[in-house]
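See structure below.
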Amino acid sequence: MIAITLPDGSVKNMETGTSPMDVARSISEGFARNVISASYNGETIEASTPLHQDGSLILFTWSNKEGKKAFWHSSAHLLAQALEQLHPGIKLTIGPAIDNGFYYDVDFGERSFAEKDLAAVEKKMLEIARGKHEFSIRSMSKEDALAYYKNQNNEYKVELIENLEDGTITFCDHDTFTDLCRGGHIPNTGIIKAIKLMSIAGAYWRGDEKNKQLTRIYGITFPKQKELTEYLTLLEEAKKRDHRKLGKELQLYTFSQKVGQGLPLWLPKGAALRERLENFLKKAQKKAGYEMVITPHIASKELYVTSGHFAKYGEDSFQVIKTPNEGEEFMLKPMNCPHHCEIYNDSPWSYKDLPKRFAEFGTVYRYEQSGELHGLTRVRGFTQDDAHIFCTPDQLDAEFKNVIDLVLYVFGSLGFENFTTQVSIRDLSKPEKYIGNIETWEKAEAAILSAVKDKDLDYVIESGEAAFYGPKLDFMVKDALGRNWQLGTIQVDYQLPERFELTYKGSDNELHRPVMIHRAPFGSMERFIAILLEHTGGNFPLWLMPEQVAILSLSEKYEKYAQKVLDLLENHEIRALVDNRNETIGKKIREAEMNKYPYMLILGEQEANDGTISVRKHGEGDKGTMTVEAFAKMINDAVKEEIKEFGAH
Numbered sequence: 000m001i002a003i004t005l006p007d008g009s010v011k012n013m014e015t016g017t018s019p020m021d022v023a024r025s026i027s028e029g030f031a032r033n034v035i036s037a038s039y040n041g042e043t044i045e046a047s048t049p050l051h052q053d054g055s056l057i058l059f060t061w062s063n064k065e066g067k068k069a070f071w072h073s074s075a076h077l078l079a080q081a082l083e084q085l086h087p088g089i090k091l092t093i094g095p096a097i098d099n100g101f102y103y104d105v106d107f108g109e110r111s112f113a114e115k116d117l118a119a120v121e122k123k124m125l126e127i128a129r130g131k132h133e134f135s136i137r138s139m140s141k142e143d144a145l146a147y148y149k150n151q152n153n154e155y156k157v158e159l160i161e162n163l164e165d166g167t168i169t170f171c172d173h174d175t176f177t178d179l180c181r182g183g184h185i186p187n188t189g190i191i192k193a194i195k196l197m198s199i200a201g202a203y204w205r206g207d208e209k210n211k212q213l214t215r216i217y218g219i220t221f222p223k224q225k226e227l228t229e230y231l232t233l234l235e236e237a238k239k240r241d242h243r244k245l246g247k248e249l250q251l252y253t254f255s256q257k258v259g260q261g262l263p264l265w266l267p268k269g270a271a272l273r274e275r276l277e278n279f280l281k282k283a284q285k286k287a288g289y290e291m292v293i294t295p296h297i298a299s300k301e302l303y304v305t306s307g308h309f310a311k312y313g314e315d316s317f318q319v320i321k322t323p324n325e326g327e328e329f330m331l332k333p334m335n336c337p338h339h340c341e342i343y344n345d346s347p348w349s350y351k352d353l354p355k356r357f358a359e360f361g362t363v364y365r366y367e368q369s370g371e372l373h374g375l376t377r378v379r380g381f382t383q384d385d386a387h388i389f390c391t392p393d394q395l396d397a398e399f400k401n402v403i404d405l406v407l408y409v410f411g412s413l414g415f416e417n418f419t420t421q422v423s424i425r426d427l428s429k430p431e432k433y434i435g436n437i438e439t440w441e442k443a444e445a446a447i448l449s450a451v452k453d454k455d456l457d458y459v460i461e462s463g464e465a466a467f468y469g470p471k472l473d474f475m476v477k478d479a480l481g482r483n484w485q486l487g488t489i490q491v492d493y494q495l496p497e498r499f500e501l502t503y504k505g506s507d508n509e510l511h512r513p514v515m516i517h518r519a520p521f522g523s524m525e526r527f528i529a530i531l532l533e534h535t536g537g538n539f540p541l542w543l544m545p546e547q548v549a550i551l552s553l554s555e556k557y558e559k560y561a562q563k564v565l566d567l568l569e570n571h572e573i574r575a576l577v578d579n580r581n582e583t584i585g586k587k588i589r590e591a592e593m594n595k596y597p598y599m600l601i602l603g604e605q606e607a608n609d610g611t612i613s614v615r616k617h618g619e620g621d622k623g624t625m626t627v628e629a630f631a632k633m634i635n636d637a638v639k640e641e642i643k644e645f646g647a648h
């Protein structure tokens, strides 16, 4: 007998050789029908894998992230089989699950493969799926695995196997198909009921531009046709909200090939939007005791060697900049934290001076391959709302909680109300990924867990997601379309103070190392604005809108009155514009709606004579007639309701 511990702490004593599916059936047949895959002692396994020792079992269904991963990974195998049957002689490479679906990278050789070919592949996949073929894992020696793929002339699989250790190589079989695979599959193909191949793209083998370009086929599958239909409807809505489309329509930003890929140019409306966001956070930061600093866009390479960033990310950064002086090397700034360490180092500090909180809207530059660039969410130059807090170990808990309060204030003011948090810790099996000693890592992880529990935050723990210098708390926000985004992060760092030899004089008159907190509620201004655009559909909170009011005059006769209304609104610090073009009022209203102005004021003879305005609200229509003063009060009251003072309750 073996003892199997379930997530709720209960223990089931089962026969040796029992499978996860057997355990599921012992709970209930209904539950077992929904089990997709499992994890045993932290290792992903099949639901049919025999268990031979005591351990902890987690059973995954479609509702779990891990269950979807197994479902979509299995679907990638199905895609590969269909492609092989329809296009014999192709070379398969890799086919992982991704956040929404899966892809497979394929070398079609001299054959062409286009979007028009996807329908036939979908049909073949469904045909195979209906066969209810079971997935099974088997081990193979390295010698036999290499021979198998050399016989197929598949240099890609050969390269993968050459980097694997003998005794760790497994293949997955279903129906007549086999593929190199580590495992994590659904019980059989029949669970896959709905299939949609979304698109094709070019992808370099192993992401290296020096390698051959392959064809990447993206797809998604579901256990019910209804779920696929709902997903495709959601995608259509997402297209309407695409920040690239809205950013162009609202004239917020643009890109120029002459300036360079991934380097956004902010247009006047976009720059004003950014400025309002920055001022909003600066005001809250000032109340929270932050001091603004400014650092240059380049720095000596040695700065990043000291911090450890060059060793970790140097190859993925922009190349070193050489000066006319021999041996003098600079880099475009990839992050702000080393600069802030040097600002701290400029003065001697006592424990009485701490905490020191340095904040900066600092622009950084990171090289992204052209194929990875995507609007504002993946760029090569972006501005972080960065701040670094230097505190004593005794101050860490309070400072960390204060940052949580600031992040929640930002989210609340911008309409992000649905979120969870993720405590990102190190992967204990890969210590080479991290710097510093175990003791300080344990302290940092314990500090984050203590803070989230005290703040009663909904959180999960993710192993292996920590930064190389410390664990972090990531905020996962769900937008209006139900999509999850990582927004805002707080990190605890004992390592950079050590590397930069930061000190403060303690009450014992000895020198001590401060603890460093990294935080960025927005993350990057570019990505944050992109997500905010898609979340709101361009209908920003009233306080943030580039123009809050469009004044629409019925004809040229009312231009003077329109100007008077504009002046009155501006006296109340309300952002407005006048549209007195020689167009019909219907066209002006339609265009104002399209430009998402929150309010439209219609001015004609009656309004001019009475000194009033006719008010329309975006998406809602007529709101009646009122005085300019009453309207201004309504707007300002609405703004005060949206954006309360930081710390006010």
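Residue numbering for the sequence shown follows numbering that gives the first Met the number 0, beginning at 0 and increasing consecutively.
Glycine included, every Cβ here is placed at the ideal spot set by N, Cα and C.
Note that the structure is a prediction, hence the values are computed from the model and not measured.
Is L486 helix, strand or coil when you go by DSSP? Taking the sequence shown and counting its residues from 1, the one referred to as residue 486 is at position 487. L486 falls in the strand class under three-state DSSP.
Q. Nearest to E650 by CA position, among F360, L375 and G361, is which residue?
A. Residue coverage of the chain in this structure runs from 0 to 648, which leaves residue 650 outside it and unanswerable.
Can you say whether V476 is buried or exposed, counting buried as having 16 or more other CB atoms within 10 angstroms of its CB?
Walking along the sequence shown from the start, residue 476 turns up at place 477. Taking all protein chains shown into account, V476 has 16 or more neighbouring C-beta atoms within 10 Å of its C-beta and is therefore buried.
- Message: Threshold first: 3 residues or longer. Then list the beta strand (DSSP E) segments lying entirely within the region 558–632, N to C.
- Response: Correct list: 575–578, 598–602, 611–616 and 620–626.
#### Entry: Coarse secondary structure for G189, derived from DSSP in three states
Within the sequence shown, the letter at position 190 stands for residue 189. Helix.
Exercise. Do you know how far the Cα of K286 is from the Cα of A128?
Worked result: For the purposes of this step, residue 128 is taken as the residue at position 129 of the sequence shown. For the purposes of this step, residue 286 is taken as the residue at position 287 of the sequence shown. CA-to-CA, the gap between A128 and K286 works out to about 60 Å.
### Task
Just mark M524 as buried or exposed, buried being the case when its beta carbon has 16 or more other beta carbons within 10 Å.
Working through the sequence shown from its first residue, we reach residue 524 at position 525. Counting Cβ neighbours within 10 Å, M524 comes out buried, since at least 16 surround it.
Please confirm whether Y468 and V422 have their CB atoms less than 8 Å apart.
Along the sequence shown, read from residue 1 onward, the residue named residue 468 stands at position 469. Along the sequence shown, read from residue 1 onward, the residue named residue 422 stands at position 423. No. Outside cutoff.
Q) To which residues of the same chain is A23 closer than 6 Å at the C-beta, ignoring the five residues directly before and after it? A) Translated into positions along the sequence shown, residue 23 becomes position 24. The residues are F30, A31, V34 and L58.
Self-check item: I489 to M544 span [Cα, whole Å]
Solution: Position 490 of the sequence shown holds residue 489. Position 545 of the sequence shown holds residue 544. Near 28 Å, if we compare the C-alpha coordinates of M544 and I489.
In angstroms with no decimal places, state the Cα-to-Cα distance between N153 and E164. Locating residue 153 in the sequence shown gives position 154, counting from the first residue. Locating residue 164 in the sequence shown gives position 165, counting from the first residue. Distance between the alpha carbons of N153 and E164: 19 Å.
*asked:* Tell me which residues share the same chain as H648 and place their Cβ nearer than 8 Å to its Cβ, disregarding the 5 neighbours each side in the sequence.
replied: For the purposes of this step, residue 648 is taken as the residue at position 649 of the sequence shown. Note that H648 scores a pLDDT of 46, beneath 50, so its modelled location is shaky and nothing firm can be said.
Worksheet item: Which residue's Cα is closest to the Cα of Y312: P333, N594 and F329?
Response: One-based indexing of the sequence shown puts residue 312 at position 313. Looking only at P333, N594 and F329, the smallest Cα-Cα distance to Y312 is reached by P333.
State buried or exposed for S369, treating a residue as buried only when at least 16 other CB atoms are found within 10 Å of its CB. Taking the first residue of the sequence shown as 1, we reach residue 369 at position 370. Flag for S369 reads exposed.
*asked:* Judging by CA-CA distance, which residue of K131, A450, S9 and R518 is the nearest neighbour of P186?
replied: Against the sequence shown, residue 186 aligns to sequence position 187. Here the closest residue by C-alpha is K131.
With a 10 Å radius around its C-beta and 16 neighbouring C-beta atoms as the bar for buried, classify R580 as buried or exposed. The residue you call residue 580 lines up with position 581 of the sequence shown. Of the other Cβ atoms in all chains shown, fewer than 16 fall within 10 Å of the Cβ of R580; this residue is therefore exposed.
request  = With DSSP as the reference, label A46 as helix, strand or coil.
outcome  = Residue mapping note: residue 46 aligns to position 47 of the sequence shown, counting from 1. DSSP, reduced to helix, strand and coil, places A46 outside both helices and strands of the structure shown, so it counts as coil.
Quiz item: Once you ignore the five residues that flank I642 on each side, which residues in its own chain have a CB closer than 6 Å to its CB?
Solution: As a working mapping, residue 642 is identified with position 643 in the sequence shown. Result list for I642: S412 and W542, in chain order.
Own chain partners of E208 with C-beta closer than 8 Å, once the 5 adjacent residues on each side are dropped: Residue mapping note: residue 208 aligns to position 209 of the sequence shown, counting from 1. Beyond the five residues adjoining it in sequence on each side, E208 comes within less than 8 Å, by CB distance, of Q368 in the same chain, given in chain order.
Could you give the distance in angstroms between the alpha-carbon of A271 and the alpha-carbon of V548?
-> On the sequence shown, residue 271 is found 272 positions in, with the first residue counted as 1. On the sequence shown, residue 548 is found 549 positions in, with the first residue counted as 1. One C-alpha to the other measures close to 15 Å.
Item to check | T502 versus K442 - alpha carbon distance | outcome: Here residue 502 corresponds to residue number 503 of the sequence shown, with the count starting at 1. Here residue 442 corresponds to residue number 443 of the sequence shown, with the count starting at 1. Cα to Cα, T502 sits roughly 19 Å from K442.
Next on the checklist: Among the candidates R526, I194, S198 and W204, whose CA atom is the shortest distance from the CA of L227?
Outcome noted: The residue labelled residue 227 in the question sits at position 228 within the sequence shown. The shortest C-alpha separation from L227 is found at I194.
Point to revise | Span separating the alpha-carbon of Y217 from that of Y102 | key: Reading the sequence shown from its first residue, position 218 is the one you call residue 217. Reading the sequence shown from its first residue, position 103 is the one you call residue 102. Rounded to the nearest whole angstrom, the C-alpha separation of Y217 and Y102 is 4 Å.
* To do: Kindly indicate which three-state DSSP category V319 falls into: helix, strand or coil?
  => Within the sequence shown, the letter at position 320 stands for residue 319. Here V319 sits in coil by DSSP.
Subject >> Distance between beta carbons of L472 and I447, contact taken as under 8 Å >> reply: Residue numbering aside, residue 447 sits at position 448 when the sequence shown is read from its first letter. Residue numbering aside, residue 472 sits at position 473 when the sequence shown is read from its first letter. Beta-carbon to beta-carbon, I447 and L472 are separated by about 5 Å, close enough to satisfy the 8 Å threshold.
Answer yes if the region 312–326 comes into contact with the region 348–357, meaning at least three C-beta pairs across the two stretches below 8 Å, and no otherwise. The region 348–357, when compared against the region 312–326, does not touch it at the 8 Å Cβ threshold.
message = With the cut-off set at 8 Å, would you say L568 and I601 are in Cβ contact?
response = The count along the sequence shown starts at 1 and reaches residue 568 at position 569. The count along the sequence shown starts at 1 and reaches residue 601 at position 602. Judged by their CB atoms, L568 and I601 are not nearer to each other than the 8 Å cut-off.
Does the separation of the CB atoms of D384 and F360 fall below 8 Å? For this step, residue 384 is matched to residue 385 along the sequence shown. For this step, residue 360 is matched to residue 361 along the sequence shown. Result yes, Cβ atoms of D384 and F360 sit closer than 8 Å.
query: In the DSSP assignment, what residue or residues form a beta bridge with K471?
result: Your numbering for residue 471 matches position 472 in the sequence shown. Answer by DSSP bridge pairing, in chain order: S423 and Q490.
Q | Integer Cβ distance of G206 from T43, believed to fall under 8 Å | A | Here residue 206 refers to the residue found at position 207 of the sequence shown. Here residue 43 refers to the residue found at position 44 of the sequence shown. By a beta-carbon distance limit of 8 Å, G206 does not contact T43. Their separation comes to about 24 Å.
Is the separation between the beta-carbon of T177 and that of S74 shorter than 8 Å? Counted from its first residue, the sequence shown places residue 177 at position 178. Counted from its first residue, the sequence shown places residue 74 at position 75. No, they are not a contact pair.
Helix, strand or coil for G288 per DSSP? Looking up residue 288 in the sequence shown gives position 289. The DSSP-derived three-state label of G288 is coil.
*Please state if the CB of I191 and the CB of L670 are separated by a distance shorter than 8 Å.*
Missing from the structure shown is residue 670; the chain here goes from 0 to 648 and no further.
Exercise. With DSSP collapsed to three states, give me the class of L375.
Key: Here the question's residue 375 lines up with position 376 in the sequence shown. Here L375 sits in coil by DSSP.
message: Assuming contact is defined by CB atoms lying nearer than 8 Å, are K400 and K454 in contact in what I supplied?
response: Stepping through the sequence shown from its first residue, residue 400 is reached at position 401. Stepping through the sequence shown from its first residue, residue 454 is reached at position 455. Yes, these two residues count as a Cβ contact at 8 Å.
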